[in-house]
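**Student:** Residue numbers (this note's numbering), protein chains in the order written: chain A, 87 to 371; chain B, 87 to 371. Please read through the structure below; I'll follow up with questions.
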């Protein structure tokens, strides 16, 4: 089993098209301590000919082109067999429509993610239900095996229902390796990743009032359903005892100071044993 | 007045994520006679602080980032004031949702483009009607002037109604310069561009059976509502007497041989006085 971070930024990407915050401005000036990032998505493989995507961002086409393993191997072809959606946020689902040139893809989502966000888009997809707390084997649209199973678990956040936003645990049918992927989480307990080889967790904001302080908005991290990384109540503290073998922050917002190499925050995260995902990061659990 | 081709490819872009046709494969091998292209969109300016977009492709975020003039000039800001939609094709409208971080944008569309394709998406837009054959002055969401007016005209194609697919003539309120933009057209008569300084016309396919011959599909160009460039009944022949001062093909499909520099088809187009748009092409009418 291996995985590739296709995109590691929160909605809007980094830099964000309408933002001139310190991070976005510095990146545009060519500051080498910062790297551009596309919007959050993860590709997981138990076999190279059967990719499973976790979320499909609006940047999906260039993310595929940047990953040799995801490119077509015949006149019209894709190794992508299934897409698992963790919520109905536009930055996680819009990419489905950029994949419309292919035969239907298999899309796995909870009933509420499908109903709330995607029922309006019909066709071009074979929908399959993702029940909570149950391992589901993933197959391509015509039943092609992927050798990966997924277990969704509730991650209540901004939206009220337990199925509105989920984390997923992906298990390799060959090796038993496990990746837990939770790009939006409003709370954290160590158990989320205790039995995982790799934990990819919500790294959207460093602090709760980050957007407000930078003049980039009026909502706090918690208003938006995101647990900040820093502080006594942040995910770095809450997940300190989590036994995942590798811990990686992803879905990082353009305003987050961890994006800046050698910032105080980046050093703090690294000292605690975490990585910050970059686009193209290859993960071998 | 000036304009910038933000993207010059048809739906799917070039290379296309699931395509290994000769053009896509050669581009991936690094063939220098080919250049990657994002999906069709045009930015038009009468003043640099008030951009008008014609269509919003799924590639909009990176198209904005690639154009210094479209980048934000304050903490949260965009010089984009209005978007004119020529039809409801996903490759022309999905980008609207990638611009959701901003206050509402002004979107100009015919009633049928709005109803057929976008009514399902509410919020985050101030919709304004685009009646056929009438000059409409374009303003930003709060009435900001753009100094550009637009006249939409019917371009019947795959879809039946006269408002389902339109061409637009953009006129500069300062200089009177005119750009005609028609990225999908199933027929052509010289009058379409006779009074234009610049004509941007449907360059999707070279020949009617291009997709079929290359094993990339079963539909012909005409089935898809596109007039091919080549042949006795193609747009190159039909528009030979058009008096537009400059003629440019855009919305070029990844299979089209005009994409290849020094191909027979590219030379034929050039000899006839046409250009093939590339991403980032700056146009001064």
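Idealized CB from N, CA, C, for every residue including glycine.
#1: So, is the C-beta of residue 144 of chain A closer than 8 Å to a C-beta in chain B?
#2: Going by DSSP, what residue range makes up the alpha helix (DSSP H) through residue 177 of chain B?
#3: Apart from the five residues just before and just after residue 206 of chain A, which ones in its own chain have a Cβ nearer than 6 Å to its Cβ?
#4: Hey, could you find the ends of the alpha helix (DSSP H) residue 323 of chain A is sitting in?
#5: Under 8 Å, Cβ to Cβ, is there at least one residue of chain B near residue 369 of chain A?
#6: Would you mind working out which of B:147, B:166, B:134 and B:201 sits nearest residue 181 of chain B, comparing C-alpha positions?
#7: For residue 189 of chain B, I'd like the list of residues in its chain whose CB is within less than 8 Å of its CB, leaving aside the five on either flank, ordered along the chain.
#8: Could you name the residues of the stretch 89-108 of chain B whose beta carbon sits closer than 8 Å to any beta carbon of chain A, in the order they occur along the chain?
#9: Measure the C-alpha to C-alpha separation of residue 165 of chain A and residue 135 of chain A and round it to an integer number of angstroms.
#10: Drop a sphere of 10 angstroms on the beta-carbon of residue 163 of chain B, count the other beta-carbons inside from all chains shown, and report buried for 16 or more, exposed for fewer.
#11: So what's residue 372 of chain A in DSSP terms, helix, strand or just coil?
#12: In this structure, how does DSSP classify residue 272 of chain A when only helix, strand and coil are distinguished?
#13: Please classify residue 132 of chain A: does DSSP put it in a helix, a strand, or coil?
#14: On the premise that residue 316 of chain A lies in contact with residue 292 of chain A, defined as a C-beta separation below 8 Å, what is that separation, rounded to the nearest angstrom?
#15: Can you tell me which of the three DSSP states residue 206 of chain B falls into?
#16: Which residues in the same chain as residue 184 of chain B place their Cβ atom closer than 6 Å to its Cβ, once the five residues preceding and following it in sequence are excluded?
#17: Quick check: is the beta carbon of residue 337 of chain B nearer than 8 Å to any beta carbon in chain A?
#18: Here's a check: name, in chain order, each residue in its chain whose Cβ is nearer than 6 Å to the Cβ of residue 140 of chain B, leaving out the five neighbours to either side.
#19: To the nearest angstrom, report how far apart residue 217 of chain B and residue 118 of chain A are at their CA atoms.
#20: Out of A:177, A:220 and A:186, point me to the one whose CA is closest to residue 196 of chain A's CA.
#21: Based on the DSSP output, what are the partners of residue 334 of chain A in its beta bridges?
#22: Check whether the stretch 95-103 of chain A touches the stretch 150-157 of chain A, taking contact to mean three or more Cβ pairs, one atom from each stretch, closer than 8 Å.
#23: Quick check on DSSP: helix, strand or coil for residue 216 of chain B?
#24: Are residue 232 of chain B and residue 239 of chain B closer than 8 Å when you measure CB to CB?
#25: By how many angstroms is the C-alpha of residue 318 of chain A removed from the C-alpha of residue 132 of chain B?
#26: Going by beta carbon distance, what residues of the same chain come within less than 8 Å of residue 331 of chain A, once the five residues before and after it are set aside?
#27: Is any beta-carbon of chain B found at less than 8 Å from that of residue 186 of chain A?
#28: Please classify residue 295 of chain A: does DSSP put it in a helix, a strand, or coil?
#29: What's the C-alpha gap between residue 167 of chain A and residue 342 of chain B?
#30: Go through its chain and collect everything with a Cβ distance to residue 349 of chain B's Cβ below 7 Å, but skip five positions before and after it.
#31: Would you mind telling me which residues of chain A sit closer than 8 Å to residue 164 of chain B, beta carbon to beta carbon, in chain order?
#32: Does any residue of chain A have a CB that is nearer than 8 Å to the CB of residue 158 of chain B?
#33: So is residue 90 of chain B buried or exposed if we call it buried at 16+ other beta carbons inside 10 Å?
#34: Roughly how many angstroms separate the alpha carbons of residue 367 of chain A and residue 347 of chain A, rounded to a whole number?
#35: So which residues on chain A does residue 296 of chain B lean against when the C-beta distance must stay under 7 Å?
#36: Bridge partners of residue 221 of chain A, per DSSP?
**Tutor:** If we stick to the structure as given:
#1: To locate residue 144 of chain A, count along the first chain from 1; it is residue 58. So yes, residue 144 of chain A belongs to the interface.
#2: Sequence index remark: in the second chain, residue 177 of chain B carries index 91 (1-based). Start and end: 176-179.
#3: If you number the first chain from 1, residue 206 of chain A lands on position 120. Low confidence applies here, because residue 206 of chain A scores a pLDDT of 48, under 50, leaving its location unreliable; read the following figure in that light. Hits under 6 Å: none found.
#4: Residue mapping note: residue 323 of chain A aligns to position 237 of the first chain, counting from 1. From DSSP, the alpha helix (DSSP H) with residue 323 of chain A extends over 321-324.
#5: One-based indexing of the first chain puts residue 369 of chain A at position 283. Not one chain B Cβ lies under 8 Å of residue 369 of chain A.
#6: Translated into the one-based positions of the second chain, residue 181 of chain B becomes position 95. Out of B:147, B:166, B:134 and B:201, B:147 has the C-alpha closest to the C-alpha of residue 181 of chain B.
#7: Start at 1 with the first residue of the second chain, and residue 189 of chain B comes out as number 103. Cβ neighbours of residue 189 of chain B beyond the five flanking positions: 227.
#8: 97, 98, 99, 101, 102, 103, 104, 105, 106 and 107
#9: For the purposes of this step, residue 165 of chain A is identified with residue 79 of the first chain, where counting begins at 1. For the purposes of this step, residue 135 of chain A is identified with residue 49 of the first chain, where counting begins at 1. The straight-line gap from Cα to Cα measures roughly 5 Å.
#10: Taking the first residue of the second chain as 1, we reach residue 163 of chain B at position 77. Counting Cβ neighbours within 10 Å, residue 163 of chain B comes out exposed, since fewer than 16 surround it.
#11: No answer is possible for residue 372 of chain A: the residues shown for chain A start at 87 and end at 371.
#12: Start at 1 with the first residue of the first chain, and residue 272 of chain A comes out as number 186. Note: residue 272 of chain A maps to coil in three-state DSSP.
#13: The count along the first chain starts at 1 and reaches residue 132 of chain A at position 46. In this structure, residue 132 of chain A counts as coil in the three-state DSSP scheme.
#14: Position 206 of the first chain holds residue 292 of chain A. Position 230 of the first chain holds residue 316 of chain A. Sure, about 5 Å apart at Cβ, within 8 Å.
#15: Within the second chain, the letter at position 120 stands for residue 206 of chain B. For residue 206 of chain B, the predicted model reports a pLDDT of 48, less than 50, meaning its position is unreliable and no value from the coordinates is stated.
#16: Walking along the second chain from the start, residue 184 of chain B turns up at place 98. The answer, listed in chain order, is 146 and 147.
#17: Here residue 337 of chain B refers to the residue found at position 251 of the second chain. With 8 Å as the cut-off, residue 337 of chain B does not count as an interface residue toward chain A.
#18: Within the second chain, the letter at position 54 stands for residue 140 of chain B. The residues are 128, 170 and 267.
#19: Walking along the second chain from the start, residue 217 of chain B turns up at place 131. Walking along the first chain from the start, residue 118 of chain A turns up at place 32. C-alpha separation (whole angstroms): 49 Å.
#20: As a working mapping, residue 196 of chain A is identified with position 110 in the first chain. The residue from A:177, A:220 and A:186 with its alpha-carbon nearest to that of residue 196 of chain A is A:220.
#21: Taking the first residue of the first chain as position 1, residue 334 of chain A is located at position 248. Answer is A:286 and A:361.
#22: Counting Cβ pairs under 8 Å, fewer than three are found: no touch.
#23: Taking the first residue of the second chain as 1, we reach residue 216 of chain B at position 130. If DSSP states are grouped into helix, strand and coil, residue 216 of chain B belongs with coil.
#24: Numbered from its first residue, the second chain carries residue 232 of chain B at position 146. Numbered from its first residue, the second chain carries residue 239 of chain B at position 153. Not a contact, by the Cβ cut-off of 8 Å.
#25: Numbered from its first residue, the second chain carries residue 132 of chain B at position 46. Numbered from its first residue, the first chain carries residue 318 of chain A at position 232. Their Cα atoms are separated by approximately 52 Å.
#26: As a first step, residue 331 of chain A is located in the first chain; it is residue number 245 there, counting from the start. 282, 283, 284 and 371.
#27: Taking the first residue of the first chain as 1, we reach residue 186 of chain A at position 100. So, interface residue.
#28: Sequence index remark: in the first chain, residue 295 of chain A carries index 209 (1-based). In this structure, residue 295 of chain A counts as coil in the three-state DSSP scheme.
#29: Taking the first residue of the first chain as 1, we reach residue 167 of chain A at position 81. Taking the first residue of the second chain as 1, we reach residue 342 of chain B at position 256. If I take the Cα positions, the gap works out to 28 Å.
#30: As a first step, residue 349 of chain B must be located in the second chain, where it is residue number 263. Here the set comprises 343.
#31: Against the second chain, residue 164 of chain B aligns to sequence position 78. Those are 103 and 104, listed as they occur along chain A.
#32: By 1-based counting over the second chain, the position of residue 158 of chain B is 72. Output row for residue 158 of chain B: interface = yes.
#33: By one-based count along the second chain, residue 90 of chain B stands at place 4. Label assigned to residue 90 of chain B: buried.
#34: Counting from 1 along the first chain, the entry for residue 367 of chain A is found at position 281. Counting from 1 along the first chain, the entry for residue 347 of chain A is found at position 261. Each residue's alpha carbon lies about 16 Å from the other.
#35: Within the second chain, the letter at position 210 stands for residue 296 of chain B. Near residue 296 of chain B there are no residues of chain A at all, since even the closest Cβ is about 13 Å away, more than 7 Å.
#36: Within the first chain, numbered from 1, the residue matching residue 221 of chain A stands at position 135. For residue 221 of chain A, which the question treats as bridged, DSSP gives the partners A:237.
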